[in-house]
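Structure record follows, encoded as structure tokens.
Protein chains: 4
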Amino acid sequence: MGYVLAAHQYGKAEIRVVRIYRDAAQHQIRDLNVSTYLRGDFADAYLQGDQSSVLPTDSQKNTAYAFALERGVAEIETYALALARHFVEQVEPVRSARVDVEEYRWERVRVAESDHPHAFVRASQEARTASVTVEGRGSDQRISVLSGLRDLVLLKSTGSEFAGFLHDRYTTLAETHDRVLATALTATWRHLRTEGDWDAQHTSIRQLLIERFATVHSRALQQSLWEMGRAVVASHEEVAEIRLSAPNKHHYLVDLSPFGLVNRGEVFHADDRPYGLIQCAVQRDDAPPAGPSWQAPGSFAG
Amino acid sequence: MGYVLAAHQYGKAEIRVVRIYRDAAQHQIRDLNVSTYLRGDFADAYLQGDQSSVLPTDSQKNTAYAFALERGVAEIETYALALARHFVEQVEPVRSARVDVEEYRWERVRVAESDHPHAFVRASQEARTASVTVEGRGSDQRISVLSGLRDLVLLKSTGSEFAGFLHDRYTTLAETHDRVLATALTATWRHLRTEGDWDAQHTSIRQLLIERFATVHSRALQQSLWEMGRAVVASHEEVAEIRLSAPNKHHYLVDLSPFGLVNRGEVFHADDRPYGLIQCAVQRDDAPPAGPSWQAPGSFAG
Amino acid sequence: MGYVLAAHQYGKAEIRVVRIYRDAAQHQIRDLNVSTYLRGDFADAYLQGDQSSVLPTDSQKNTAYAFALERGVAEIETYALALARHFVEQVEPVRSARVDVEEYRWERVRVAESDHPHAFVRASQEARTASVTVEGRGSDQRISVLSGLRDLVLLKSTGSEFAGFLHDRYTTLAETHDRVLATALTATWRHLRTEGDWDAQHTSIRQLLIERFATVHSRALQQSLWEMGRAVVASHEEVAEIRLSAPNKHHYLVDLSPFGLVNRGEVFHADDRPYGLIQCAVQRDDAPPAGPSWQAPGSFAG
Amino acid sequence: MGYVLAAHQYGKAEIRVVRIYRDAAQHQIRDLNVSTYLRGDFADAYLQGDQSSVLPTDSQKNTAYAFALERGVAEIETYALALARHFVEQVEPVRSARVDVEEYRWERVRVAESDHPHAFVRASQEARTASVTVEGRGSDQRISVLSGLRDLVLLKSTGSEFAGFLHDRYTTLAETHDRVLATALTATWRHLRTEGDWDAQHTSIRQLLIERFATVHSRALQQSLWEMGRAVVASHEEVAEIRLSAPNKHHYLVDLSPFGLVNRGEVFHADDRPYGLIQCAVQRDDAPPAGPSWQAPGSFAG
């Protein structure tokens, strides 16, 4: 009885690429965190220590920087697609490549009520994300494009309840018909196409998620997520599927009665841990199979 | 030869107080991280384990929550001042109290081009800060109020140089007349008064810091900081002093010449560590002594 | 054309359970971070906001604490298994449950060359991990048990090279036959059985991973990982598969030649980002299918 | 009325220097995080953007790496002292320099019950620290040496109480005569001398702190800290002063009575925030003034 090298991949993670566009008077900035992952005929590097088929992760890093100049970073989806295609098509042993990009948000500095041409202020901790996987070459090539966001921190101070839930031996939670609901949303959507107006689509989907979070009267975070997700799929026919992962960032009403005070939903303790974690996927009926889209490298080892 | 208990203080750190104002149709939120530090006649707790003079840190936490309701959190400076005064004036063994507050920024969600009444999106990683120290009672009472901000992340993509510097045996840095300048600013200013329109003043000073960072042609981060700081002191006569601490978040031009590419200030590597750290204080000529204002609890043990 | 709720799960993440065994003179401590995830008939919570089938995440938290007393935490695998089984077998709508546990390492304090009976010092940032998934009831029940560790930080100061690799247009890396090799290992292994001497097995596998990292002359981190993984599978017949994820924490030789110094592998810069990321799985020939074992909740949304 | 540049300093923070000693068969590793801060005649850089007196922070970084080879890192105190002296004595405009060093702990890998010659495993999150300040030259030179540690995480599962404390209007805490006491200690001690057997002294003081934490029956964390600090000063006549900063990492007894269980100090919730923060200084009667020792750069701006 023996054993085998059952799976493997390698790459360069967290390449911090900053691309400045300075052709026009008004500079633009795209601030990225890029990770590359290659799969293919690399077994000998593991089994024998033979590197002859291994493109160094250092070269992958160089490619990410060079492409930022050569191809530009008009939109992170197109940039990731160019990189992933390059690795599959130009590096012989590569069978498939995944490129993950996070983009950080900057706003223009306002001076005297005008946009400053080359000064920026970091807008939020939120990141815009893209993940492109390219498998194979020529007519067999399959491409998957995911877009998304993470750490979109949302809170509503009313319009949320949690009641009528199942009770078991270990249930002590009181029902509530008015609570604070807060989350740090991760949302990722899979595209039916490999081309699109990615910036405009991202703006539209982000706004839709925020609006639905705000306006849906929430009987549970589950319900909010579904309504957020289905609004995206319903109004964006180019989206095959959206996945939402939302920690329930608990805000506990502080009991002030020992001090003779009545706390009518005005003072809360924002707790760190534990937190609820609610996740769902909303998928178009006719969506094609996801293929390798959702195999995040971060989860490789469980 | 002996030894003594030379100094001591204690308190409750990082109380996460969230205050919702829900009286009007338009809710408001103030999201705080509060820390309290008490100094006074607490030596017996150390020397003998005698707690009879020790107000539990748990009670300090309760007070922070109760005050958020009783006194409200109109502005973090007034809230911190109320708390610090309370500890000194109402808790017998307390000789001085420091209350630090961080406030996190939220923006209203926009729905159909209107502000939503009770939904919010976290605005940035930046925090607004206040630190109030109250010493003594009655006519001997001294009060220090600091306001500030931290993690205001700024970047300019041109208008910054670094040249003409000192060379020693270990100097290899090339001069540059056009570089990216980026920082995550911490700024703290000391007030001449204990009352003010804190919100308006904060908005004004923050905007001034950003504008000066943007518009000063920078021959070094040092120069930018001085120009930022002095603009605040010059235009805000109620500010005795401002201190600025600014990491130089290095953006290194990537050498793309091995790939036949010319990188004219367009592609950078955003490095993590090490970073320069530039600090300065700008003080009004006639500023009174700072007293205990700047003794941050975080630096107690070096 | 429509859309569906294609997948969903929910639970309580990062429940910080500390269990003290104080029956004997020598106390014991098990310090855990527990996360629970339930899948089953919960669609109505999403689709209609109907909570009648939803066991609150708060109840899941309570269960984790109660089980730490009722069932104890002899070993994290048995504790996780008891919890996961409970949710599937006792909570009607639950079809499958996953319980993830991290355990933090404490060592006994030594006083006068003896173990102190009830004082401990935190041993390292490393965590021991277990993930148990239970699906179904009765004879259809399927159970998957994973064990592992994360953040085992290893370094060898010689005995590592990287040469003979593939070159493409973007390759500038020099070959090296003597470098520092460092990583923060995540390793997870899947068991063939649901019972075992988990503590002894963990100690044995951890030691094997460390020994192989140390003693294999490394021609690449890939080779080291394979040798580490296969040693585990070869000597632990109860292990179906092991997965390894290893950042290549780059230590760059500092060029000191401008200062007239020759750096013969003695002074390095430990870089933060980017880093290589090497991953592989070693599997026994006759391993049964993994089932849901590796579907980490953290990767749900990509 | 005008304003002045009242204070300033600059330097390079978090230089990640790794020094390998490979002369003997048994390699040694010293893994450092070094920060340098210079004060002196640098006003023109702020006021006029004139860099002619400014040694680049990049040169300071280079010096830290070069000294790791030229002078070695036998002990972090001597390394920091050499660096700080160099800046003051060799760089003309520098009036005083502070060098902070953190050292990370590695243990040798054990293979077949022997120490492996060149493989290491990271020992814990704890860091050893040193801070050296050098002011002036020649006979006026003043030198301050601090040594210490941070993030020494300690826990005792009994032998700790908290009772008999002051009550005010906001006190709800119950007294306890048996609780878990846990902290992540920062300790820093100031030396009377600038030479010493730093490694041996560090080992001795660290052990003393741990032993006293373990063996003192604690009526409050305050009392434990005093007993820990005074043991150091009493037995180390070369220590002028020690400062201790200790978060009270609360472990709350979980109420399991709703589930018919009696929790006799066996199951706890390890809470994140808020936490108590207890700080004290124990000083030798005849200690000379501290001078600039404790002016941590991190607290410059409050």
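Residue numbers (numbering that gives the first Met the number 0), protein chains in the order written: chain A, 0 to 301; chain B, 0 to 301; chain C, 0 to 301; chain D, 0 to 301. Every residue gets a Cβ at the ideal spot worked out from N, C-alpha and C, and that includes glycine.
Other residues of its chain near residue i: CB distance less than 6 Å, five sequence neighbours each side excluded
i: D:A239; result: R189, L191, R283 and A286
i: A:I75; result: V100, E102 and A129
i: D:A230; result: L207 and R211
i: A:Y78; result: V72
i: C:A67; result: V16 and R18
Residue from the options with nearest C-alpha to residue i
i: C:A126; options: C:D196, C:H176, C:V33 and C:D49; result: C:V33
i: B:T214; options: A:Y2, A:L154, A:A111 and A:Y251; result: A:A111
i: B:H166; options: C:L145, C:F258 and C:R205; result: C:F258
i: D:S244; options: D:G195, D:V53, D:L37 and D:I277; result: D:I277
i: A:L207; options: A:D196, A:G195, A:V93 and A:E226; result: A:E226
i: B:A6; options: B:R178, B:T77 and B:D43; result: B:D43
i: B:Q281; options: B:E236, B:N247, B:E160 and B:W105; result: Sequence check: residue 281 of chain B is Val here, not Gln. Taking only the C-alpha atoms, the option nearest B:V281 is B:E236.
i: D:D270; options: C:L31, C:A295 and C:P246; result: C:L31
i: C:H250; options: C:V53, C:R242, C:R97 and C:V179; result: C:V179
i: A:Q47; options: C:Q47, C:S223, C:R205 and C:V152; result: C:S223
i: C:L54; options: C:R21, C:R70 and C:Q8; result: C:Q8
i: A:V253; options: B:N61, B:G1 and B:Y45; result: B:N61
i: D:V93; options: D:Q294, D:F267, D:G39 and D:A173; result: D:G39
i: D:L37; options: D:W105, D:V133, D:S123 and D:Y169; result: D:V133
i: B:G158; options: B:V90, B:S217 and B:R263; result: B:S217
i: B:S292; options: B:I204, B:T187, B:L255 and B:S234; result: B:T187
i: C:I209; options: C:E265, C:R149 and C:T170; result: C:R149
i: B:G147; options: B:R84, B:S234 and B:S203; result: B:S203
Per DSSP, cross-strand counterpart(s) of residue i
i: D:D57; result: DSSP output for D:D57 lists no bridge partner at all.
i: C:Y251; result: C:H268
i: C:S303; result: What is shown of chain C runs 0 to 301, which leaves residue 303 of chain C out entirely.
i: A:D114; result: A:R109
i: D:Y2; result: B:R283
i: D:V238; result: D:H190
i: A:E13; result: Partner(s): none; A:E13 has no beta bridge.
i: B:E134; result: B:S95 and B:R141
i: B:Q124; result: DSSP output for B:Q124 lists no bridge partner at all.
i: D:P246; result: D:L276
i: A:G147; result: A:T128 and A:T187
i: B:Q8; result: D:Q278
Cutoff 7 Å; reference residue i; Cβ partners in own chain excluding five residues on either side
i: B:P116; result: A24, Q25 and H26
i: D:G290; result: R141 and S143
i: C:P246; result: T182, A183, Y274, G275 and L276
i: C:Q339; result: With chain C covering 0 to 301 only, the question about residue 339 of chain C has no answer from this structure.
i: D:A162; result: E174, T175 and H176
Beta-carbon proximity list for residue i, same chain, < 8 Å, skipping 5 on both sides
i: D:Q221; result: I277 and C279
i: B:A63; result: K11, I14, V16, V33, T35 and L82
Residues, ordered as in the chain, of the stretch 3-19 of chain C that lie near chain D by beta-carbon distance below 9 Å: Taking 9 Å as the Cβ-Cβ cut-off against chain D, the residues of the stretch 3-19 of chain C that qualify are I14, R15, V16, V17, R18 and I19.
Members of the stretch 208-222 of chain A near chain C, C-beta cut-off 7 Å: Per Cβ criterion, the list reads R218, A219, Q221 and Q222.
4 or more residues per run - each alpha helix (DSSP H) lying fully within the stretch 61-103 of chain D: Listed in chain order, they are 75-89.
Please go through the stretch 17-58 of chain A and give each complete beta strand (DSSP E) segment of 3 or more residues, from N-terminal end onward. Runs found: 27-39.
Taking a Cβ distance cut-off of 9 Å, strictly less, list which residues of the stretch 156-169 of chain C are near chain B, in chain order. Going along the stretch 156-169 of chain C in chain order, one finds R168 and Y169 with a Cβ nearer than 9 Å to chain B.
Could I get the ranges of all uninterrupted beta strand (DSSP E) runs contained in the stretch 165-222 of chain B, with 3 residues as the minimum, in chain order? You should have 180-190.
Mind checking the stretch 246-261 of chain A against chain D and listing, in chain order, the residues whose C-beta falls within less than 8 Å of any C-beta there? Listed by position along the chain: P257 and F258.
Residues, ordered as in the chain, of the stretch 44-61 of chain A that lie near chain C by beta-carbon distance below 9 Å: Residues of the stretch 44-61 of chain A with a Cβ closer than 9 Å to any Cβ of chain C, in chain order: A44, Y45, L46, Q47, G48, D49, Q50, S51, S52, V53, L54, P55, T56, D57, S58, Q59, K60 and N61.
Of all the residues that make up the stretch 264-276 of chain A, which are near chain C by a beta-carbon distance shorter than 7 Å? For the stretch 264-276 of chain A, which is checked against every Cβ of chain C, the residues closer than 7 Å are R272, P273, Y274, G275 and L276.
Check each residue of the stretch 108-124 of chain D: if its Cβ is closer than 7 Å to any Cβ of chain C, include it; give the result in chain order. Here the close residues are V108, V110, H115, H117, A118, F119, V120, R121, A122, S123 and Q124.
For the stretch 125-153 of chain B, which residues have a CB atom closer than 9 Å to at least one CB atom of chain A, in sequence order? So the list reads E125, D150, L151, V152 and L153, given in the order they occur along the chain.
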